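Below is one structure; the comments refer to it alone.
Residue numbers (our numbering): -1 to 221.
Here it is, written out as structure tokens:
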């Protein structure tokens, strides 16, 4: 079985100095956040709905990237725009493989590959029993496909901001998705991740910070 490995993302602060903060992405979230493994409540969207909405926005940002920007740096200092695109498409390969397909992680992915990968994932998730399947996380512990989808939702949401910021597009995230992400993963995931050496220092935000700035700051980004 092909396993997609989520590599650590060294976060470069945009518009400010200071030390870089490291972030190993959301593929490890369920290990560090009890909230991410709970069933959604009546007023909380399902992981599938969150993933669908987050990927729609991400696809729009990806399709707004100019070919000349593919070699540009991103807030993830280890990845340029092309490599971050590869990572996002690789996330769909991981979820498809976890759902029962055999899909290799891409190299040199095209913007259209994200849309087709997401469409294939959503088709798989609609099949009976798929979300209850167990699979290996990129760090080797076992979780369900449903939990993997929840983790990938955060990954997509945050990297949408990374790509938008890197390519001069509107980096405003959907307020409902930000709120859902914060409810699922804050405050325990960043702190537990830092204690495990997987997430670097938080970026301090002011008392008047927006929910988006609070979420990004918790994950080491200057939003």
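Heads up, the beta-carbon is just placed ideally off N, CA and C, and yes, glycines get one too.
None of these values were measured; they are calculated from a predicted model.
{"Asked": "Specify the secondary structure class of residue 77 as computed by DSSP and reduced to three states.", "Found": "coil"}
{"Asked": "Is it the case that the segment 73 to 89 contacts the segment 146 to 157, given that we only count it when at least three CB pairs across the two stretches are under 8 angstroms?", "Found": "yes"}
{"Asked": "For residue 28, does the three-state DSSP call read helix, strand or coil?", "Found": "Summary for residue 28: the model assigns pLDDT 42, below 50, so the residue's position carries little reliability; its value from the coordinates is reported in the next sentence. Residue state, collapsed to three classes: helix."}
{"Asked": "What number of angstroms, rounded off, separates the C-alpha of residue 193 from the C-alpha of residue 207?", "Found": "25 angstroms"}
{"Asked": "With distances taken Cα to Cα, identify the nearest neighbour of residue 107 among 43, 131 and 78.", "Found": "78"}
{"Asked": "By Cβ distance, which residues of its chain are closer than 7 angstroms to residue 160, with the 5 residues on each side in sequence left out?", "Found": "72, 73, 74 and 82"}
{"Asked": "Quick check: the Cα distance between residue 126 and residue 139, rounded to an integer number of angstroms?", "Found": "24 angstroms"}
{"Asked": "Name the two residues that bound the continuous alpha helix (DSSP H) containing residue 158.", "Found": "143 to 164"}
{"Asked": "Assign residue 218 to one of two classes, buried (16 or more other C-beta atoms within 10 Å of its C-beta) or exposed (fewer than that).", "Found": "buried"}
{"Asked": "Decide if residue 146 is buried, meaning its Cβ has at least 16 other Cβ atoms within 10 Å, or exposed.", "Found": "buried"}
{"Asked": "Since residue 122 and residue 57 are thought to touch, with beta carbons under 8 angstroms apart, how far apart are those beta carbons, to the nearest angstrom?", "Found": "That pair is no contact at about 17 angstroms."}
{"Asked": "What are the partner residues of residue 140, as DSSP defines its beta bridges?", "Found": "134"}
{"Asked": "Please classify residue 206: does DSSP put it in a helix, a strand, or coil?", "Found": "coil"}
{"Asked": "What whole-angstrom Cβ distance do residue 180 and residue 199 have, given they're in contact under 8 angstroms?", "Found": "In fact, because the Cβ distance is near 19 angstroms, the residues do not count as touching under 8 angstroms."}
{"Asked": "Can you give me the Cβ contacts of residue 221 inside the same chain, cut-off strictly under 6 angstroms, excluding the 5 residues immediately before and after it?", "Found": "210, 211 and 214"}
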